[in-house]
Amino acid sequence: MTRPKLLVTRHLPEAVEARAARDYAAALNPYDVPWTRDSLVAAAEGAAGLLCAAGDPLDAGTIQALPATVKIIATFSVGTDHIALDAAKARGIAIANTPDVLSVATAEIAMLLVMMAARRASEAEALIRARAWAGWAPTQLMGVTLEGKRLGILGMGRIGRELAQMARGFGMQIHYRNRSRLTPELEQGAVFHGEDDAFLGAIDILSMHIPGGAATRHWLNAERIGRMRPGSIVVNTGRGSTVDDVALCAALGSGHIRAAGLDVFDGEPKIHPGYLGAPNVSLLPHLGSATIETRDAMGFLALDNLDALLLRGEAVPNRVV
Ligand code: DGY
């Protein structure tokens, strides 16, 4: 049987590429150079499927220009905001993602950023690297204790719930803002908030886990920041577009927001210059799912999605549209 052509847009973990090459006529991207729209469309010639990743330029124009052979795009991510879903739907191209397998790894990065922000870890490390540390001092670089603090989780899906579980181990109280209230089994005593103002006013630390896209753009704006308690902390491991960088930088400068921890950025890899000069921000380069175990699992799940349709003619397990 002829193996279907699969275009793999980015360099993926070795075991994932090996499986792709075993089961498909796979066009790999060993140099990991991001595609332009034209080069991606040209490379997709004759492909039945695409295995793409966050950051690939799959806007409406690219989707419309893809060859008619393309039946499915499986993304190596849970987020799908880099894909024009409506355009894919209009062309009958299935889109599938990789939910669940990255929840623990992403929650770990959120917890890491909560701790880095609360304990001023980036500022402290910079002091040592600048060879400016003069030794232990009673009032040097004091942060805040996590025990007893109210952690507000915006978006209580799998990642938010994993974070809640970790934070309980630190003695934190969990509040959450979600479209709908969870069952008591999933809630595990967390306090549900049905509207933004009460949620933001009730918490000491905000951890953001909402998807990107037009509906959530700049959700954290100057007005909502103003509703937060003075001295609060903001952490974002969801999508950078959900934060108004100008407003957050201003609040970090005034001290209304004590510290922030950011793993995602609006228009990344571009970073708002206000963050680069702010000592009270910890910055990570979109590492949420970046563990060896998780990246393998994401790749295998993306291939499972492709295999269902392209190798067995079955329904796609994690189909988004
Ligand atoms: C995702 O899966 O959406 C991450 O942001 C990329 O790993």
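Quick note on numbering: numbering that gives the first Met the number 0 labels position 188 of the sequence shown as 187, and the sequence is numbered without any gaps. Built from N, CA and C at the ideal position, the CB exists for glycine as well.
Counting along the chain, the unbroken alpha helix (DSSP H) around Q63 starts and ends at A59 to A64.
Annotation for P66: V40, A43, E44, G45 and A46 place their beta carbon closer than 8 Å to its own, counting only its chain and skipping 5 residues before and after. As DSSP reads the structure, H81 sits in no beta bridge. For L49, same chain residues with a beta-carbon under 6 Å away, outside a window of 5 residues either side, are L6 and I72 in chain order.
The three-state reading of DSSP puts I224 in helix, counting H, G and I together. Annotation for G151: no alpha helix (DSSP H) segment contains it, though the beta strand (DSSP E) segment containing it runs R149 to L153. Short note on F75: C-beta closer than 8 Å to some heavy atom of the ligand DGY. Listed in chain order, the beta strand (DSSP E) runs fully inside the region 97-185 are 149-153 and 172-176, counting runs of at least 3 residues. According to DSSP, F191 shares a beta bridge with Y175. Approximately 19 Å separates the beta-carbon atoms of P56 and V77; this is outside 8 Å, ruling out the contact. L27 is bridged by DSSP to nothing; it lacks a bridge partner. Set against 8 Å, the gap from the CB of T97 to the closest heavy atom of the ligand DGY is smaller. By a beta-carbon distance limit of 8 Å, R257 contacts I232. Their separation comes to about 6 Å. Look at S206: its beta carbon is at least 8 Å from all of the heavy atoms in the ligand DGY.
In this structure, the straight-line span from the alpha carbon of T182 to that of D58 is close to 37 Å. Excluding the 5 residues flanking it on each side, L185 has same chain C-beta neighbours closer than 7 Å at R160, in chain order. By a beta-carbon distance limit of 8 Å, I204 does not contact W218. Their separation comes to about 16 Å. The residue among G273, D22, K70 and L162 with its C-alpha nearest the C-alpha of V113 is L162. Counting only runs of 4+ residues, the alpha helix (DSSP H) found wholly inside the region 272-311 occupies 272-275 and 291-309, in chain order. Inter-residue distance for M155 and A93 is about 26 Å (C-alpha atoms, whole angstroms). Under DSSP, G48 takes part in a beta bridge, and its partners are L5 and I71. In this structure, S288 has its beta carbon less than 8 Å from a heavy atom of the ligand DGY. A residue is called buried once 16 or more other Cβ atoms fall within 10 Å of its Cβ, and I152 is buried on that count.
Per DSSP, S76 has no beta-bridge partner at all.
Between I173 and R149, the CB-CB gap stays under 9 Å.
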